[in-house]
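Q: In my numbering, the protein residues as written are 2 to 469.
Think of the CB as a built atom: it goes at the ideal place given N, C-alpha and C, for glycine as much as any other residue.
None of the values given here were measured: they were computed from a predicted structure.
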Ligand code: UDX
Ligand code: ADP
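1) In three-state terms, what does DSSP make of residue 228?
2) The alpha helix (DSSP H) spanning residue 316 covers which residue range?
3) Hey, is residue 118 close to the ligand ADP, as in C-beta under 6 Å from one of its heavy atoms?
4) Flag this pair as yes or no: are the beta carbons of residue 155 and residue 127 separated by less than 7 Å?
5) Does the beta-carbon of residue 393 have 16 or more other beta-carbons within 10 angstroms, so that it is buried, or is it exposed?
6) Is DSSP giving residue 264 helix, strand or coil here?
7) Would you say the beta carbon of residue 90 comes nearer than 6 Å to a heavy atom of the ligand UDX?
8) Based on Cα-Cα distance, which residue from 65, 25, 271 and 400 lies nearest to residue 471?
9) For the alpha helix (DSSP H) that contains residue 274, what are its first and last residues?
10) Measure the Cβ-Cβ separation of residue 148 and residue 167 and say whether it is below 7 Å.
11) Is it right to say residue 350 is buried, meaning 16 or more other beta carbons lie within 10 angstroms of its own, or is it exposed?
12) At a cut of 8 Å, does the segment 228-240 reach the segment 307-322 through at least three beta carbon pairs?
13) Determine the contact status of residue 33 and residue 8, defining contact as a CB-CB distance below 7 Å.
14) Scan the segment 370-434 and note each continuous beta strand (DSSP E) run of 3 residues or more that stays entirely inside, going in chain order.
15) Just tell me which of 91, 109, 83 and 21 has its CA closest to the CA of residue 68.
16) Please classify residue 474 as buried or exposed, where buried requires at least 16 neighbouring CB atoms within 10 angstroms.
17) How big is the Cα-Cα spacing for residue 366 and residue 19?
18) List the endpoints of the continuous alpha helix (DSSP H) containing residue 269.
19) Quick check: the Cα distance between residue 253 and residue 265, rounded to an integer number of angstroms?
20) Is residue 366 helix, strand or coil when you go by DSSP?
21) Could you tell me which residues DSSP puts in a beta bridge with residue 88?
22) Is the beta carbon of residue 428 closer than 7 Å to that of residue 456?
23) Rounding to the nearest angstrom, what Cα-Cα distance links residue 84 and residue 140 in this structure?
24) Within 10 angstroms of the Cβ of residue 272, are there 16 or more other Cβ atoms? Answer buried if so, exposed if not.
25) What whole-angstrom Cβ distance do residue 75 and residue 171 have, given they're in contact under 8 Å?
26) Taking C-alpha atoms, which residue in 447, 86 and 23 lies nearest to residue 6?
27) What do you reckon, is the C-beta of residue 9 under 6 Å from a heavy atom of the ligand UDX?
28) For residue 62, report the span of its beta strand (DSSP E) as first-last.
29) Can you tell me whether DSSP reads residue 161 as helix, strand or coil?
30) Distance, Cα to Cα, residue 150 vs residue 31?
31) Apply the 10 Å Cβ neighbour rule to residue 442 and answer buried if 16 or more other Cβ atoms are within range, or exposed otherwise.
32) Just to confirm before moving on: does the CB-CB distance between residue 329 and residue 346 stay below 7 Å?
33) Note the first and the last residue of the continuous alpha helix (DSSP H) segment covering residue 350.
34) Check whether the Cβ of residue 261 sits closer than 6 Å to any heavy atom of the ligand ADP, and report yes or no.
Shown next, in the form of structure tokens:
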């Protein structure tokens, strides 16, 4: 069996960084080099101050502290790392296309193809190439064709090894995965490549949790897993509006159905809407693939999950406006949280961006406190929507380093991220300094509603009846 001695990972992002850190920590005999064209990002990964790593994940600093400089390296020299490695992970971004055919739906494989061509140009010895980024089914075939036809005559094995880690719990998920999925070619050399990667994970993952499949099953499983998870969130969010209208409480409904072991309790938390780099992108991708095969009903079915999610974000913003007497013009609306979920500084597709955007259309002044997201990031997110000039975005957004100043004099508070610290704030103090009536819109249902109402707040929670 091929023994892997050197690994290269192209892309030092949310997936590549934590995954390679854990692989290196668990396999001290393997040299792991993570490369990226973004020099700033690599410099941040090499920062002696571990609180300045480019990605915030609980526990990541400890893993990096142990492995970095021993057998874990971060570098900008992509060619050298490719040349030396036996196994190359491709962990670059695959954003949704913003142009041309499949615009707004298909995954943009530009960066993947560039990587494949770079590997083909540089490699002088046989390589196992591992797709780590989420990719549409059959991408491996494209990578293989590029490598086989433009390469230096060396032989390649392509594996699909999709990531199932969730942000905020990445280290925990990597240390103790439900399963590791490895898809490979159905041939002797294909199986050998699968086993080579399985032995890397075998350093800490029990063999029965390492699933071996063909490449296409592995690629499609990743999209399917995310589509199923997102579908659950959209399903419970659809019920949340019915609860508000009927007098049922969505938390009680979720608990009741979640205790049915056939349904299970996870991913039933009603919210202002799901975000993150995967759910929306992967579902659009699934929809696009279905359409490509002419499966229109299948495409429409999955697209509805996204439509429901967009509606939930819009509905939340509208609720704020109607509750604040139908106008938020020049009113201070304070946001607690900007990240798409707690324990991460990632903001991709965060509901906060869309809610802020809708409220800005109504001329509100948005004041934000998030424990980990920078002002620069929030402005970039808003500018990316292209709704108004970036100057106008700057006029409507104020970012605070202290939660209490963010909330002072606000007409309403909206909770957009479920950071634990929000629960421990001095809500009496906050109430005293707010405009009255003091409204709280808990988009994550994390605050103690009864306690807030006793203080004097008027509280809106997702999926709780507002029938008086
Ligand atoms: C997801 C998948 O879970 C992971 O396996 C995959 O590899 C990448 O995509 P991630 O995007 O990090 O991970 O976050 P996840 O915990 O799945 O949450 C996604 C979004 O759904 C978040 O905005 C979260 O707040 C929201 N959510 C999740 C809910 O609103 N309710 C829930 O019950 C669960
Ligand atoms: P993910 O969440 O999938 O990890 P990120 O956007 O956080 O996505 O990370 C992807 C990284 O891949 C970025 O840091 C980007 O600079 C890097 N990248 C993209 N294309 C290349 C390339 N051709 N060579 C090296 N790095 C690349």
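A: Put simply:
1) helix
2) 297-324
3) no
4) yes
5) exposed
6) coil
7) no
8) Nothing in the structure corresponds to residue 471, since the chain is present only between 2 and 469.
9) Looking at the DSSP string, residue 274 is not in any alpha helix (DSSP H), and its letter there is neither H nor E.
10) no
11) buried
12) yes
13) yes
14) 398-400 and 413-416
15) 21
16) As shown, the chain starts at 2 and ends at 469. That puts residue 474 outside it, with no answer to give.
17) 37 Å
18) Neither: residue 269 is in no alpha helix (DSSP H) and is coded neither H nor E.
19) 14 Å
20) strand
21) 8 and 129
22) yes
23) 23 Å
24) buried
25) Not quite, the Cβ-Cβ distance comes to about 17 Å (not below 8 Å), so this is no contact.
26) 86
27) no
28) Element bounds for residue 62: not the beta strand (DSSP E) but the alpha helix (DSSP H), 61-68.
29) strand
30) 30 Å
31) buried
32) no
33) Counting along the chain, residue 350 falls outside any alpha helix (DSSP H), and DSSP gives it neither H nor E.
34) no
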